[in-house]
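Since the structure comes first, as structure tokens, the remarks are kept for the end.
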Amino acid sequence: MTTNQNALITLSASEAAEGLRNGDFTSEQLTQAHLDRIETTEGTAVDAEDRSLGKTGLNAFLHVNAEQALDDARQVDADRAAGKQLPPLAGVPIAVKDLIVTTGQPTTAASRMLEGWMSPYDATVVQKIREARLPILGKTNLDEFAMGSSTEHSAFGCTRNPWDLDRIPGGSGGGSAAAVSAFQAPLALGTDTGGSIRQPASVTGSVGVKPTYGSVSRYGVIAMASSLDQVGPVTRTVRDAAALHEVIGGYDARDSTSINEPAGPYLAEAEKGATEGGLKGLKIGVVKELTGDGFQSGVSQRFQESLELLRAAGAEIVEVSTPHFDHALGAYYLIMASEVSSNLAKYDGVRFGLRKLPEEGPVTIERVMSATRAAGFGPEAKRRIILGTYALSAGYYDAYYGSAQKVRTLVQRDFTNAFEQVDVLVSPTSPTTAFKLGEKTDDPVSMYLNDIATIPTNLAGVPAISVPAGLAPENGLPVGVQFMAPVKEDARLYRVGAGLEAALQQQWGGGLLDQLPDTESLIAARTQGSAK
Amino acid sequence: MSDEILSFDEAMAKYDPVLGFEVHVELNTKTKMFDDAPNAFGDEPNTNITPVSLGLPGVLPKVNGTAVESAIKLGLALGCDIAPVSHFARKNYFYPDTPKNFQTSQYDEPIAENGSVDIELEDGTQFTVEIERAHMEEDAGKLSHKGGAGRIQGAEYSLVDYNRSGVPLIEIVTRPIRGAGERAPELAKAYVKAIREIVKNLGISDARMERGNVRCDANVSLSPKGSETLGTRTETKNVNSMRAVERAVRYEICRHAAVLDAGEQIVQETRHWHEDTRETTSGRPKSDADDYRYFPEPDLVPVVTNAEWIERLRAELPEPPAERRRRLQADWGYSDEEFRDVVNAGVMTEIEETIAAGASASVARKWWMGEISRLAKVREIDPGDLGASPETVVELDGLIQEGKINDKIARQVLEHVVDGEGTPGEVVEKRGLAVVSDEGELSSAVDDALASMPDVAEKIRGGKVQAAGAVVGQVMKATRGQADAARVRELILEKLGVEG
Numbered sequence: 001m002t003t004n005q006n007a008l009i010t011l012s013a014s015e016a017a018e019g020l021r022n023g024d025f026t027s028e029q030l031t032q033a034h035l036d037r038i039e040t041t042e043g044t045a046v047d048a049e050d051r052s053l054g055k056t057g058l059n060a061f062l063h064v065n066a067e068q069a070l071d072d073a074r075q076v077d078a079d080r081a082a083g084k085q086l087p088p089l090a091g092v093p094i095a096v097k098d099l100i101v102t103t104g105q106p107t108t109a110a111s112r113m114l115e116g117w118m119s120p121y122d123a124t125v126v127q128k129i130r131e132a133r134l135p136i137l138g139k140t141n142l143d144e145f146a147m148g149s150s151t152e153h154s155a156f157g158c159t160r161n162p163w164d165l166d167r168i169p170g171g172s173g174g175g176s177a178a179a180v181s182a183f184q185a186p187l188a189l190g191t192d193t194g195g196s197i198r199q200p201a202s203v204t205g206s207v208g209v210k211p212t213y214g215s216v217s218r219y220g221v222i223a224m225a226s227s228l229d230q231v232g233p234v235t236r237t238v239r240d241a242a243a244l245h246e247v248i249g250g251y252d253a254r255d256s257t258s259i260n261e262p263a264g265p266y267l268a269e270a271e272k273g274a275t276e277g278g279l280k281g282l283k284i285g286v287v288k289e290l291t292g293d294g295f296q297s298g299v300s301q302r303f304q305e306s307l308e309l310l311r312a313a314g315a316e317i318v319e320v321s322t323p324h325f326d327h328a329l330g331a332y333y334l335i336m337a338s339e340v341s342s343n344l345a346k347y348d349g350v351r352f353g354l355r356k357l358p359e360e361g362p363v364t365i366e367r368v369m370s371a372t373r374a375a376g377f378g379p380e381a382k383r384r385i386i387l388g389t390y391a392l393s394a395g396y397y398d399a400y401y402g403s404a405q406k407v408r409t410l411v412q413r414d415f416t417n418a419f420e421q422v423d424v425l426v427s428p429t430s431p432t433t434a435f436k437l438g439e440k441t442d443d444p445v446s447m448y449l450n451d452i453a454t455i456p457t458n459l460a461g462v463p464a465i466s467v468p469a470g471l472a473p474e475n476g477l478p479v480g481v482q483f484m485a486p487v488k489e490d491a492r493l494y495r496v497g498a499g500l501e502a503a504l505q506q507q508w509g510g511g512l513l514d515q516l517p518d519t520e521s522l523i524a525a526r527t528q529g530s531a532k
Numbered sequence: 001m002s003d004e005i006l007s008f009d010e011a012m013a014k015y016d017p018v019l020g021f022e023v024h025v026e027l028n029t030k031t032k033m034f035d036d037a038p039n040a041f042g043d044e045p046n047t048n049i050t051p052v053s054l055g056l057p058g059v060l061p062k063v064n065g066t067a068v069e070s071a072i073k074l075g076l077a078l079g080c081d082i083a084p085v086s087h088f089a090r091k092n093y094f095y096p097d098t099p100k101n102f103q104t105s106q107y108d109e110p111i112a113e114n115g116s117v118d119i120e121l122e123d124g125t126q127f128t129v130e131i132e133r134a135h136m137e138e139d140a141g142k143l144s145h146k147g148g149a150g151r152i153q154g155a156e157y158s159l160v161d162y163n164r165s166g167v168p169l170i171e172i173v174t175r176p177i178r179g180a181g182e183r184a185p186e187l188a189k190a191y192v193k194a195i196r197e198i199v200k201n202l203g204i205s206d207a208r209m210e211r212g213n214v215r216c217d218a219n220v221s222l223s224p225k226g227s228e229t230l231g232t233r234t235e236t237k238n239v240n241s242m243r244a245v246e247r248a249v250r251y252e253i254c255r256h257a258a259v260l261d262a263g264e265q266i267v268q269e270t271r272h273w274h275e276d277t278r279e280t281t282s283g284r285p286k287s288d289a290d291d292y293r294y295f296p297e298p299d300l301v302p303v304v305t306n307a308e309w310i311e312r313l314r315a316e317l318p319e320p321p322a323e324r325r326r327r328l329q330a331d332w333g334y335s336d337e338e339f340r341d342v343v344n345a346g347v348m349t350e351i352e353e354t355i356a357a358g359a360s361a362s363v364a365r366k367w368w369m370g371e372i373s374r375l376a377k378v379r380e381i382d383p384g385d386l387g388a389s390p391e392t393v394v395e396l397d398g399l400i401q402e403g404k405i406n407d408k409i410a411r412q413v414l415e416h417v418v419d420g421e422g423t424p425g426e427v428v429e430k431r432g433l434a435v436v437s438d439e440g441e442l443s444s445a446v447d448d449a450l451a452s453m454p455d456v457a458e459k460i461r462g463g464k465v466q467a468a469g470a471v472v473g474q475v476m477k478a479t480r481g482q483a484d485a486a487r488v489r490e491l492i493l494e495k496l497g498v499e500g
């Protein structure tokens, strides 16, 4: 447990920013320390010829952007030395989920369809992190086109959970969560359509936020399900998440669904929540439908303990019912798949990305499109395209898409009713801790059930945060607690999240990730084990 | 392979045609419907594009506000109800000219519904065409098929130009039009003409059919004479001139009639019009079950209008073409026939501007319907595009009134003006075309002419005044047409001592 304790990589982003301001170290040193950590924990390619087999280590990154990151870091150092005014997080490196387009390095969405594709433009959130002067370490792994709960659907091999290399890091944003929890990056960007930021945060012991729909621009975020997708921070502390949300949030005229209001302040709310008595007067509702049966015992236990701590910190805890949440998962899989079937139609080999000619027979446009899509998409992408195409078809539309939209309205109404009674809602983030790699790949429905607690917020557009709540006694794996707030009340999440975090850390005598096993030793042990 | 067709008269004896039109109007906004890329015609392929036009991963659309205003204006001009809330929807289909493999359009909640257009056939017969809806959507790119006959079948490869991809379109859909009978082909032409005139008048489209700014899909079906039963329809796509619309509708009526007469069924399908052979050929089969899997566009918020906005736009609407025609005819005092000729020649606006510039209604008509139209016809362009301005006409008329030139010279001057040699005054100056007004010079020219034709002079003296024409002709010849013929005639009679 020693090499995880490198002085620079274990700093939170806020601490690192402070150190940079004080001149304790340079951004180049900080960035290099993270690049070194990536180097020692990513592992090597299992098969140099076949990227789909992934790496022996974490495989959190699909592309590492070392040179550009160091150049950017040096530029920040030079500007700081020249006495220039710099944004608060300037010089703190960040990792970006490979669903978000970037110039200067590939964007793949973890799909063969886009292998090697270079975007000619930056996503709005990437522009914002560049303006905030955060060197970009690289692009993180995900389930193909963000479709999955384990990163096992990545075309370039799964990411491994740093708590147990034979377990999933969650998904779709397993790469960002693993990178942050394993100290490869202090900050990362994720995207959350049905839990893709929060569930990975939960199973890796990191913090993940899905902001209010429209709070962060989606321009340049490869669309999975447009009405549900949202970009958000993945960090090790609630405070860092608040700081990053302030960087990436705000109105963008290029995204019609963007909310025309300034983002934040969030950091001040996080600081308020972490102070003594910071949760006084806060009314928290426990979602009845998201507890009990179907939740792993250690998850329930840590959840109940968290409620006690919240109560001790001055919050009032009540139970609320959201009766339509039971139907949310079904509605989600219809709406999401319908939008997916249309959003993924553009991948046809005509303008960019993979183009595959038919192996035999005439080369017509239909046959090229067909061969390209057959070769370029993995099985989960195909499953959802087929499901969505079916759901939107004439004669089925009303029964499937139409009914799902009605359920969506009912779920929104449940939230509205609940927020008339309480300030925030709380539930476990995920019903289980990290499951084993391969355990659910043959059973899509059991995989989908992992998103049961995270999906309602996406359907309603409300914001949510996942905060580490400790380790499950039965297997020593991280458990996450999720808070949900009304639309545009993201600030409440930072207050209550920071309050719980402060109480837990007092109990643990530090962050949960201080208990992370030494990653390099785990990799070495696993490599030796498989060599035997 | 040509289809069997029946003669139009035979078809009309047995069947009643029912028509329907979908007219696509390309708007002349500066940028595209959902994108900042320029909306411009004729540039190098794939230069007016952005990541959004190409549908690259991650891009998002945003609605062009000017295009929405244009759609509202058109809706109002068509007498439609403007929806307080309308939505965009995705029409999903795979085709390489559509970069996202779906077209962003409007489906069950269009911006404008329930209107009508009054149209007039060339002989003045009036029809009212009911409008079901007008909705906003985006244009597709342009495919060029290379090799083979330049059509998709048999081509070796195809090129795609996305400059047009995303250009704002408004699609205007009529309700079925019954009762046109044998006037159906004319009505088709008049309808497209009326729509073109409306959008041009609103200033929302360049409305140039040869550039595809206005494109018509014509639906035709036949009912047995006197029956209410609707026949199976065909949709003839992209008929891109008014004359072609008329011919395509006529052709389809005759073709349907032959199929029905043979006891066969009309295949519900899209047809393509071929201007060279003046026939339609079968496109792809189309059925009501065509499944575009429409669903609400999740990347766009609804278009919300309010009464204040709509009323402001309504107040800005120009006078409707039909009302304007009635007003102008009354102001100018033209007969119905004269006015109809003016309208059909497409020079009404030019005449209006010429009168505004100072010419009388009769002078303006004389020039625009006369020499300008004649020259335009010779040069195979529209009179308005000839290069003669209202000022040209006013100046020409002024020169005639002043006696500087005569009608014949004025026509020559016009030709030089439209060839770019300057204003009429400049042309007269440069080319020395002024009439000979020097009395001495004229007088001696008349003396010479009379001397060269003594027998004619004698006849005139004897009272045959009409014989003076020959002498006038001689003088005009001698002065290369630059004499004032009336003055020449006066001089002849004076010199011979005859009363005029």
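Protein chains in written order, with UniProt numbering: chain A, 1 to 532; chain B, 1 to 500. Just so it is clear, CB atoms sit at the ideal spot from N, CA and C, and this is done for glycine as well. Values in this document were obtained by computation on a predicted structure and should not be read as measured data.
Between the options, which has its C-alpha nearest residue i's C-alpha?
i      : options                           : result
A:A399 : A:I222, A:G83, A:L334 and A:L86   : A:L334
A:G277 : A:T10, A:A313 and A:N417          : A:A313
A:S215 : A:V231, A:A13 and A:M147          : A:V231
A:G157 : A:M113, A:V422, A:S119 and A:D47  : A:D47
A:D71  : A:L58, A:L30 and A:N417           : A:L30
A:E305 : A:I365, A:L500, A:K288 and A:L8   : A:L500
B:G65  : B:G79, B:T29, B:L76 and B:G55     : B:T29
B:N240 : B:A184, B:T280, B:S223 and B:D217 : B:D217
A:I385 : A:M147, A:N65 and A:D518          : A:M147
Hey, quick one: how far does the alpha helix (DSSP H) through residue i stretch, first residue to last?
i                      : result
residue 586 of chain A : There is simply no residue 586 of chain A to check, as chain A begins at 1 and stops at 532 in what is shown.
A:G174                 : G174 to S181
B:T392                 : P390 to Q401
With a cut-off of 8 Å on the beta carbons, I'd call residue i and residue j a contact; round off their distance for me.
i      : j      : result
A:S176 : A:V479 : Between A:V479 and A:S176 the Cβ distance is about 19 Å, and since that is not below 8 Å, they are no contact.
B:P45  : B:L300 : The pair is not a contact, with the Cβ atoms about 28 Å apart (cut-off 8 Å).
A:V92  : A:A16  : 5 Å
A:M447 : A:S149 : 5 Å
A:S196 : A:G173 : 5 Å
Taking residue i as the query, report the chain A residues whose CB atoms sit under 9 Å from its CB, ordered along the chain.
i     : result
B:V63 : S256
B:P96 : D348, V350, R351, I365 and M369
Can you name the residues of chain A whose CB is closer than 7 Å to the CB of residue i?
i     : result
B:P99 : K346 and R351
B:N92 : S342 and A345
Can you name the residues of chain B whose CB is closer than 7 Å to the CB of residue i?
i      : result
A:E339 : P298
A:A123 : G58
List, in order along the chain, the chain A residues whose C-beta lies closer than 8 Å to that of residue i?
i      : result
B:V301 : S256 and T257
B:P224 : Near B:P224 there are no residues of chain A at all, since even the closest Cβ is about 31 Å away, more than 8 Å.
Which residue marks the beginning of the beta strand (DSSP E) containing residue i, and which one marks its end?
i      : result
B:L450 : No beta strand (DSSP E) contains B:L450, which is instead part of the alpha helix (DSSP H) from E439 to S452.
B:W332 : Taken as a continuous stretch (DSSP letters only), B:W332 belongs to no beta strand (DSSP E), being part of the alpha helix (DSSP H) at P321 to W332.
B:K142 : K142 to K146
Quick one: list the residues of chain B neighbouring residue i, beta-carbon separation under 8 Å, in chain order.
i      : result
A:P120 : P51 and L56
Give me the chain B residues within the contact set of residue i, using Cβ-Cβ distance strictly less than 9 Å, ordered along the chain.
i      : result
A:M447 : The premise fails here: A:M447 is roughly 24 Å from chain B at the closest Cβ pair, so nothing lies under 9 Å.
Any 3 or more C-beta pairs closer than 8 Å across the region 224-232 of chain B and the region 494-514 of chain A: no
Are three or more beta carbon pairs between the region 288-298 of chain B and the region 91-100 of chain B nearer than 8 Å? yes
Using 8 Å as the threshold, is the region 108-115 of chain A in touch with the region 30-45 of chain A, meaning 3 or more CB pairs across them? no
Tell me whether the region 141-148 of chain B and the region 78-88 of chain B touch, counting them as touching only if at least three CB pairs, one residue from each stretch, are closer than 8 Å. no
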